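Colleague: Taken in order, the sequence shown gives residues -21 to -1, 1 to 442; the numbers are from mature numbering (1 follows the signal peptide of the UniProt record, and there is no 0).
Beta carbons: idealized from backbone N, C-alpha and C, even for Gly.
The structure presented is a predicted model; accordingly, all values stated were derived computationally and were not measured.
Take this structure, written in structure tokens, and hold onto it; I'll ask about it next.
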Amino acid sequence: MPHLIYFILFFFLSSNFLVQSHFEAVYINDIKKLTFQQNTLTASRRSSPIFQITCIDDGPIGCPHEFIPKEVVCTNSGIIEDNVQWECDAILDPQVTFLDVFVSCEGFRYKNDKYVLSGSCGVNFVLNWLIEPAHYQQEPIERDAILLSKIQSLTFKSGAFTNSRRTKSEPNLICMGGNFGCVEKYLPQSVTCNNRGSNFDNENVIWECNSNIDHNLQLSDTKVLCEGYRSPNDQYILDGSCVLEYKLHYKNNGISYLPTIDSISFYSGEETIPVRLEPTYQMTIRNEISPAIIPTQVNCYNVDKSDNIINDWVCEHNGDGNYIISSPEILCEGYNSRNDPFIKRKSCSIVYDLLPFSDYSGPNMDYYQYNHEHRYDDAYDTKAWKREAGPVKIGKGFGILIIIALIGMVFCCLRPKTNNPRKTYTSVQKNNNKANSVSFGQTSRKKESSISKRFSSVRTEGR
């Protein structure tokens, strides 16, 4: 048995010696210079061999055969963060340069081993123009390359995607926000942009964009972005590659889209500012109640947050915490008509009952229970606090104020939502009014994030 163990150990050591003698391990930091030849394969031990010189077809030029160097020489320029930096030189066409370069070597024992297999290193690079030659600026023979100035109109459709050659395909229409936002049901289904000439060169086209959208809204900040055919700055673009970025804004100041309103505040004694109707008081109480406990402010929160025009609201007030707002009706005037979901916020008023909390048994009970227990307690009685406050007890008063502020913050963050529908009336219903919206915008080339900057020194990657 011992003889068998000795034999296995001898076999292992001799095999390892043969491997070590056949494959040479080199400490990467000690390598002073690497020379790479075109059409020559690297040495390999754990992975497949690769070509010593590899052009990555991911840049403005691509990899035309006439621009690939026959030899690249990389010199060790020092160590940064335990990584060798290489300065690489090659005889290149005077019109081009390296945009990005990195050296990869096969780790001798594992991927990121500092000892690498001798002869396993290769260089990878991306090419870029120094000066774009005249023959590359001429019209390409490809049928899908087109001058933007030759296009008289572009039509962008919702749900359609662009053609792509060097970048990823994108939606035809991209909403970028605006003070109205990107409410799906109001997004344009189609936008037509017409060529209205150029600003300072033929290819910087100004576009007039039209769309049939709700007459309360307008397109704004329109921008046409197209993919340059051979490079980001190519005057020729890929046919069908253009997208339209836009924003949606309210056409008139002071109007809001009812389903997206978060909250409305009402103030005692103040009147509404309607569009066509007569002004009314912002707050009206149905039941008879002592004037002493009537609140001066009511805040109502939209807890429905759907596209329903009949929204679900919960309301709180700044009066006696032992009373609760019951059956609130919020009435808002449609901006253009009675059934318009676009409203003028200052036209809204509220009608409600003010009931003792013990008598309330309506919807949103969980919300009001939380409200009653955490906000409207005795500490909220500011008159009582004022009576207690004085030279001796002023600290207690400040403590109560701090507690109230903290409870208010918790209440705002944790206020529960409810799915129970309350019968709340508004004067707005579904609206189908459409109108043409016109916006002027310029042309840009699509950003290409795969190449970020030119490297003067080169990183090393393990294989």
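1. Suppose you measure from the CA of Cys279 to the CA of Glu312; what does that come to, to the nearest Å?
2. With H, G and I counted as helix, E and B as strand and the rest as coil, what does DSSP make of Ser190?
3. Rounded to whole angstroms, what's the CA-CA distance from Tyr359 to Asp283? Just pull it up for me.
4. According to DSSP, is Arg144 helix, strand or coil?
5. Quick one: what's Leu198 bridged to in DSSP?
6. Could you spell out where the beta strand (DSSP E) holding Cys327 opens and where it closes?
7. Considering only the beta carbon of each residue, do Ala4 and Tyr89 sit closer than 8 Å?
8. Cys188 and Val170 - do their beta-carbons sit closer together than 8 Å?
9. DSSP three-state label for Ser128, please.
10. Would you mind reading off the limits of the beta strand (DSSP E) that contains Val51?
11. Rounded to the nearest angstrom, what separates Thr21 and Thr146 at their Cα positions?
12. If Lys323 sits next to Gly233, beta carbons under 8 Å apart, how far is it from one beta carbon to the other, in whole angstroms?
13. Less than 6 Å between C-beta atoms, sequence neighbours within five positions excluded: which residues of the same chain meet that for Asn195?
14. Alpha carbon to alpha carbon, what distance is there between Asn301 and Tyr331?
15. At the 8 Å Cβ level, is Ser220 part of the contact set with chain C, yes or no?
16. Determine contact between the stretch 214 to 226 and the stretch 248 to 256, defined as no fewer than three beta-carbon pairs at a distance below 8 Å.
17. I need the DSSP call for Lys164, collapsed to helix, strand or coil.
18. By the three-class DSSP mapping on this structure, what secondary structure does Thr239 have?
19. Can you tell me whether Gln261 is buried or exposed, with buried defined as 16 or more other CB within 10 angstroms of its CB?
20. What would DSSP say about Ser316, mapped onto helix, strand or coil?
21. Tell me, to the nearest whole angstrom, how far the beta carbon of Val82 is from that of Trp65; I am working on the premise that it is less than 8 Å.
22. Could you give the first and the last residue of the continuous beta strand (DSSP E) run that contains Pro307?
23. Nearest by alpha-carbon distance to Cys67: which of Leu96, Ile40, Gly86 and Gly101 is it?
24. Determine which residues share a DSSP beta bridge with Glu295 and list them.
25. Suppose only complete runs of 3+ residues qualify. What are the beta strand (DSSP E) ranges in the stretch 69 to 109, listed by chain order?
26. Could you pull out every residue in the same chain whose Cβ sits closer than 6 Å to the Cβ of Phe77, ignoring the five residues on either side in sequence?
27. Decide if Ile304 is buried, meaning its Cβ has at least 16 other Cβ atoms within 10 Å, or exposed.
28. For a test of the three-state rule: what should DSSP assign to Ile272, helix, strand or coil?
29. Report the three-state DSSP secondary structure of Phe336 (helix, strand or coil).
30. Across which residues does DSSP place Thr21 in a beta bridge pair?
31. Taking C-beta to C-beta, are Glu308 and Ile329 nearer than 8 Å?
32. Would you give the residue range spanned by the beta strand (DSSP E) that Thr263 belongs to?
33. Apart from the five residues on each side of it in sequence, which residues of its chain come closer than 6 Å, Cβ to Cβ, to Lys136?
34. Can you list, in chain order, the residues of its chain whose CB lies under 7 Å from that of Glu85, leaving out five sequence neighbours each side?
35. Roughly how many angstroms lie between the CA atoms of Leu71 and Leu109, to the nearest whole one?
36. Can you tell me whether Ile10 is helix, strand or coil according to DSSP?
Modeller: Based on what the coordinates show:
1. Distance between the alpha carbons of Cys279 and Glu312 is about 17 Å.
2. In this structure, DSSP gives Ser190 an extended state, which the three-state scheme calls strand.
3. With a pLDDT of 31 at Tyr359, under the threshold of 50, the modelled position of this residue cannot be trusted, and the question is left open.
4. Correct three-state label for Arg144: coil.
5. According to DSSP, which records beta bridges pairwise, Leu198 is partnered with Leu227.
6. Neither: Cys327 is in no beta strand (DSSP E) and is coded neither H nor E.
7. Against a cut-off of 8 Å, the Cβ pair of Tyr89 and Ala4 comes out as no contact.
8. Contact flag set, yes.
9. Here DSSP, grouped into helix, strand and coil, assigns Ser128 to helix.
10. Note, Val51: beta strand (DSSP E), Glu50 to Ile59.
11. If you take the alpha carbons of Thr21 and Thr146, they lie about 31 Å apart.
12. The pair is a contact, with the Cβ atoms about 6 Å apart (cut-off 8 Å).
13. Short of 6 Å from the beta carbon of Asn195, and not among the five residues preceding or following it, lie these beta carbons of its own chain, in chain order: Lys230 and Phe321.
14. Put simply, the backbone Cα of Tyr331 is about 16 Å away from that of Asn301.
15. The question asks about chain C, but that chain is absent: this structure has only one protein chain.
16. With the cut-off at 8 Å, the stretch 214 to 226 and the stretch 248 to 256 do not touch.
17. Lys164: helix per DSSP, three-state reduction.
18. Note: Thr239 maps to helix in three-state DSSP.
19. Buried is the call here.
20. DSSP, reduced to helix, strand and coil, places Ser316 outside both helices and strands of the structure shown, so it counts as coil.
21. With 8 Å as the limit, Val82 and Trp65 qualify as a contact, their Cβ atoms being about 5 Å apart.
22. Pro307 -> beta strand (DSSP E) spans Tyr302 to Leu310.
23. Of the listed residues, the one whose Cα sits closest to Cys67 is Gly101.
24. Looking at the DSSP assignment, Glu295 forms a beta bridge with Asn278.
25. Counting whole runs of 3 or more residues, the stretch 69 to 109 contains the beta strand (DSSP E) stretches 75 to 84, 94 to 96 and 101 to 108.
26. Taking C-beta separations shorter than 6 Å and ignoring five residues to either side along the sequence, the partners of Phe77 in its chain run Phe104, following chain order.
27. Buried, since its Cβ has 16 or more Cβ neighbours within 10 Å.
28. Annotated three-state conformation of Ile272 is helix, per DSSP.
29. Of the three classes helix, strand and coil, the one that applies to Phe336 here is helix, per DSSP.
30. According to DSSP, Thr21 bridges with nothing at all.
31. Cβ distance < 8 Å, so Glu308 and Ile329 count as in contact.
32. Where Thr263 is concerned, the enclosing beta strand (DSSP E) starts and stops at Met262 to Ile264.
33. Asn151 and Ser169, listed in sequence order.
34. When the five nearest sequence neighbours on each side are left out, the beta carbons in the same chain lying within less than 7 Å of the beta carbon of Glu85 are those of Ser23, Arg24, Arg25, Ser26, Val95, Leu96, Ser99 and Arg442, in order along the chain.
35. Going by the C-alpha atoms only, they are around 11 Å apart.
36. DSSP places Ile10 in the coil class of the three-state scheme, outside both helix and strand.
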